[in-house]
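Just below is one structure, and these are the notes that go with it.
Numbering (the numbering used here), first residue to last: 5 to 72.
Printed below as a string of C-alpha coordinates:
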(Lines of atoms letter the chains of each structure in order from A and count residues from 1; the text may use other names and numbers.)
(Lines give C-alpha, C1' and ligand atoms only; values in the text may rest on other atoms or scores of the structure.)
Protein backbone atom coordinates (compact mmCIF):
# COMPACT_ATOMS: atom_id res chain seq x y z
CA UNK A 1 0.00 0.00 0.00
CA UNK A 2 1.02 3.60 -0.58
CA UNK A 3 -0.24 7.09 0.28
CA UNK A 4 -1.69 9.35 -2.43
CA UNK A 5 -3.32 12.64 -1.44
CA UNK A 6 -3.15 11.46 2.18
CA UNK A 7 -5.22 8.37 1.43
CA UNK A 8 -4.05 4.77 1.27
CA UNK A 9 -4.11 3.20 -2.19
CA UNK A 10 -3.48 -0.37 -3.22
CA UNK A 11 -3.09 -2.48 -6.34
CA UNK A 12 -6.26 -2.18 -8.41
CA UNK A 13 -6.95 1.47 -7.50
CA UNK A 14 -6.88 4.25 -10.08
CA UNK A 15 -4.85 7.44 -9.70
CA UNK A 16 -4.17 10.52 -11.82
CA UNK A 17 -0.79 12.01 -12.69
CA UNK A 18 0.72 14.48 -15.13
CA UNK A 19 3.21 13.52 -17.82
CA UNK A 20 2.85 16.14 -20.57
CA UNK A 21 -0.91 16.06 -19.92
CA UNK A 22 -3.11 14.99 -17.04
CA UNK A 23 -3.97 11.31 -17.34
CA UNK A 24 -4.68 8.33 -15.16
CA UNK A 25 -3.94 4.68 -14.72
CA UNK A 26 -4.65 1.57 -12.67
CA UNK A 27 -2.07 0.62 -10.04
CA UNK A 28 -0.61 -2.79 -10.92
CA UNK A 29 2.45 -2.75 -8.64
CA UNK A 30 3.79 -0.74 -5.71
CA UNK A 31 7.52 -0.63 -4.93
CA UNK A 32 9.96 1.69 -3.18
CA UNK A 33 12.91 3.46 -4.72
CA UNK A 34 16.37 3.75 -3.16
CA UNK A 35 15.23 6.84 -1.23
CA UNK A 36 12.27 5.02 0.32
CA UNK A 37 9.61 6.76 -1.79
CA UNK A 38 6.59 4.79 -3.00
CA UNK A 39 6.67 4.13 -6.75
CA UNK A 40 3.45 3.17 -8.52
CA UNK A 41 3.48 1.10 -11.69
CA UNK A 42 0.41 2.24 -13.62
CA UNK A 43 -1.40 0.57 -16.50
CA UNK A 44 -3.80 1.90 -19.13
CA UNK A 45 -5.43 -0.51 -21.53
CA UNK A 46 -5.67 2.29 -24.12
CA UNK A 47 -2.08 3.47 -23.65
CA UNK A 48 -0.82 6.78 -22.36
CA UNK A 49 -0.41 10.00 -24.32
CA UNK A 50 2.30 12.62 -24.58
CA UNK A 51 5.88 13.02 -25.71
CA UNK A 52 7.47 11.08 -22.85
CA UNK A 53 5.20 8.05 -22.40
CA UNK A 54 2.98 8.23 -25.50
CA UNK A 55 2.13 4.80 -26.86
CA UNK A 56 3.21 2.91 -23.76
CA UNK A 57 0.65 1.01 -21.70
CA UNK A 58 2.63 1.05 -18.42
CA UNK A 59 4.54 3.77 -16.59
CA UNK A 60 6.11 4.29 -13.18
CA UNK A 61 5.24 7.40 -11.19
CA UNK A 62 6.08 8.52 -7.67
CA UNK A 63 3.05 8.26 -5.41
CA UNK A 64 3.77 11.79 -4.15
CA UNK A 65 3.27 13.09 -7.73
CA UNK A 66 -0.16 11.45 -8.13
CA UNK A 67 -3.63 12.39 -6.94
CA UNK A 68 -7.07 10.84 -6.64
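C-beta atoms are modelled at their ideal positions from N, C-alpha and C, and glycine is treated no differently.
Item, Value
"Mind checking residue 32: buried by the 16 CB within 10 Å criterion, or exposed?", "exposed"
"Expressed to the nearest angstrom, what Euclidean distance is found between the alpha-carbon atoms of residue 43 and residue 7?", "10 Å"
"Quick one: residues in its chain with C-beta nearer than 6 Å to the C-beta of residue 54, no 5 flanking neighbours on either side, listed in chain order?", "23, 24, 25"
"What separation, rounded to the nearest whole angstrom, lies between the Cα atoms of residue 14 and residue 45?", "11 Å"
"Using the three-state DSSP reduction, which class does residue 61 fall into: helix, strand or coil?", "coil"
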